[in-house]
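Asks: Here our numbering is used: position 333 in the sequence shown is 451, and no number is missing along the way.
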Amino acid sequence: MNRQSFLRGVAAAGALALAVLAPDAAVAQAKKQIKISHATAVDLGNDNHMVAWVMRNYINEFSDTLDARIYGANQLGEERAVVEGMQLGAGATCHVGGTAIHNNFVRRMGVLDLPFMWKGYAHAHAVLDGEVGKSLAKEYEARGIKILGWQDSWGYRNVVTTKKEIKTAADLKGLKIRTIQTPTYVAALNAMGASATPMAFGEVYTALQTGVLDGFEHSPPVVYTGKYYEVAKYVTLTGHLFGPTVTACSMREWQSFTDKERQVLADAAKLAQDINRNLSEQRDAEAIDLLKAKGMIVNTIDKAPLVSAAAPVQDDLAKQIGAEDLLRIIRATK
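Here is the structure:
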C-alpha cells in the first residue's frame, strides 16, 4: 500500500469513528445541567455539602438526561444573589442552605428562625412536614422557588468568640457577633444582649481574624469544617437558634424538566433529607468533640435569662412578618 492509499484509509477510519461516537457525544452534550449551590465548606462533615453530595450522586446515577454538579463555598456567589438568580432561571438550579436567607424572599418564613422556639429535632420535623412547611412552600412557589426538602442544621447555633469567654448570659452584652442578614436573626442576637452584626458568610473568617468581629454564631459542624477554630477560641452552647435548612430550586428550571426528571430530583432531595435528619444529633456531638480536640474551650451556660427574653421577641417578630398563625401552630405541635 502506497502512502496516499494509507492516508485515505486512515481518513476513512477516522470518519467512521466520528460517526460512531457522534451520537454518544450528542447525548452527553444534550444533558441538562443541574447546578447545586451552597455556601459552606466542600466537606461531608457539614450538612449542606452532604445534602448536595447525596443529591448529585443520586441524580447522576438514575437519570440519563441530567448531569448534576456541586458548587460549594459560594462558588456561584453569595447566597442571596444565588437565590435571586434562581428566581430568574439563571445561575444555580438548586440551593442548599439555612432558611434564614429565604426570609428575604418570603417574610413569613422567618417564623422558622425565631429564637429558643424549637423543642427538639422531632418537633422541627413534625412542623416542617406538616401544615406550616406546606404553607410556606406554596408561598415560595409563587415567588419562583420550588422547595424539595426540609433538613436539619447539624446542631443548634451557638455563639463562637475569639477572645472573650462567655460564662453567663450577661457576658454577651455588647459583643459584636456576626449573624445572617435577616431581621429575625438580628433581633434574636440583640435580644440576647449582643450587638448583632449582619455580614455575608464568606467574609466571616477574615473579620474574626482581623478583630472586626468579636465572634459569630453557627452550628458546631460548620465551625469545624470551616476551620474557624484557627481564629476563634471559645464556643458557648447557647443553642439559641435551630436554623432548619432547605433544598430550594428554580421554578423556571423545574417547569422545563420532564415528569421523569422532576421525579428524579424529588427522589434525590427526599433521600438527602432522610439521611441528613438521621445523622443530626450524632454529627452535632461529634463536631463538638472535634472542636475540643482542636483546642477550643466549650462552655455551657444557664440559658434561662435568654429563653425568658426570647418569648416577647417571638411574639413581636411573628406579628411583624404576618406569621402569628404559623407561630401558634408551631407552639401547639407536639
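All C-beta atoms, glycine included, are put in the ideal place defined by N, C-alpha and C.
#1: Assuming residue 199 and residue 303 form a contact by the criterion Cβ under 8 Å, report the distance between their Cβ atoms to the nearest whole angstrom.
#2: By a C-beta neighbour count over all protein chains shown, 10 Å radius and 16 as the cutoff for buried, is residue 332 buried or exposed?
#3: Can you find at least 3 beta carbon pairs, one from the region 342 to 355 and one from the region 300 to 316, that sit closer than 8 Å?
#4: Anyone know if the C-beta pair for residue 337 and residue 239 falls short of 8 Å?
#5: Taking the C-alpha atoms as reference points, what is the distance between residue 145 and residue 248?
#6: Which ranges does the alpha helix (DSSP H) cover as unbroken runs of at least 4 residues, wholly within the region 308 to 376, from first to last along the chain?
#7: Could you tell me if residue 437 is buried or exposed, where buried requires 16 or more neighbouring beta carbons within 10 angstroms of its beta carbon?
#8: So what does DSSP say about residue 171, is it helix, strand or coil?
#9: Report yes if the C-beta distance between residue 368 and residue 173 is below 8 Å; otherwise report no.
#10: According to DSSP, residue 263 sits in a beta bridge with which residue or residues?
#11: Residues in the same chain with beta-carbon distance under 8 Å from residue 485, minus the five sequence neighbours each way, listed in chain order, please.
#12: Please list, in chain order, all residues of the same chain as residue 192 whose beta carbon is under 6 Å from its beta carbon, the five residues on each side excluded.
#13: Output the distance between the C-alpha atoms of residue 407 and residue 148, rounded to the nearest integer angstrom.
#14: Does DSSP classify residue 274 as helix, strand or coil?
#15: State the CB to CB distance for the pair residue 370 and residue 262, rounded to an integer number of angstroms; the pair is presumed to be in contact (CB under 8 Å).
#16: Give the range of the beta strand (DSSP E) segment to which residue 248 is assigned.
#17: Mapping the DSSP letters down to three states, classify residue 406 as helix, strand or coil.
#18: Taking the CB atoms as reference points, tell me whether residue 165 and residue 272 lie closer together than 8 Å.
#19: Between the Cα of residue 307 and the Cα atoms of 275, 390, 323, 328, which residue gives the shortest distance?
#20: Roughly how many angstroms lie between the CA atoms of residue 375 and residue 224, to the nearest whole one?
#21: Which ranges would you report for the alpha helix (DSSP H) in the region 172 to 231 if only whole runs of at least 4 residues count?
#22: Please report the straight-line C-alpha distance between residue 427 and residue 150, rounded to a whole angstrom.
#23: Quick check on the DSSP output: the alpha helix (DSSP H) that includes residue 448 runs from which residue to which?
#24: What is the C-beta distance between residue 254 and residue 226, in whole angstroms, given that I count them as a contact (C-beta under 8 Å)?
#25: Kindly indicate the opening and closing residues of the beta strand (DSSP E) around residue 160.
#26: I'd like the span of the beta strand (DSSP E) that includes residue 150, first residue to last.
#27: Do residue 278 and residue 342 have their CB atoms nearer than 8 Å?
#28: Note down, in chain order, each residue of its chain lying with its Cβ closer than 8 Å to the Cβ of residue 292, except the 5 sequence neighbours on either side.
Replies: By the coordinates alone:
#1: Not a contact, Cβ separation roughly 18 Å.
#2: Buried is the label assigned to residue 332, since at least 16 other Cβ atoms lie within 10 Å of its Cβ.
#3: Counting Cβ pairs under 8 Å, fewer than three are found: no touch.
#4: no
#5: Confidence at residue 145 is low in this model, with a pLDDT of 47, below 50, so the placement of that residue should be treated as unreliable; the coordinate-derived value is given next. Taking the straight line from one Cα to the other gives about 40 Å.
#6: 322 to 328, 338 to 343, 369 to 374
#7: Residue 437 comes out exposed.
#8: Note: residue 171 maps to helix in three-state DSSP.
#9: Here residue 368 is not near residue 173, since their CB atoms are 8 Å or more apart.
#10: 368
#11: Within the shown structure, residues of the chain are numbered from 119 to 452, placing residue 485 beyond reach of any answer.
#12: 157, 320
#13: 46 Å
#14: coil
#15: The beta-carbon distance between residue 370 and residue 262, rounded to whole angstroms, is 7 Å. This is short enough to meet the 8 Å contact definition.
#16: Premise fails: residue 248 is in no beta strand (DSSP E) and is neither H nor E.
#17: helix
#18: If you check the CB distance, residue 165 and residue 272 come in under 8 Å.
#19: 275
#20: 25 Å
#21: 197 to 205
#22: One C-alpha to the other measures close to 50 Å.
#23: 442 to 450
#24: Contact flag correct, Cβ pair sits at about 6 Å.
#25: Per DSSP, residue 160 belongs to no beta strand (DSSP E) and is neither H nor E.
#26: 150 to 155
#27: no
#28: 311, 312, 313
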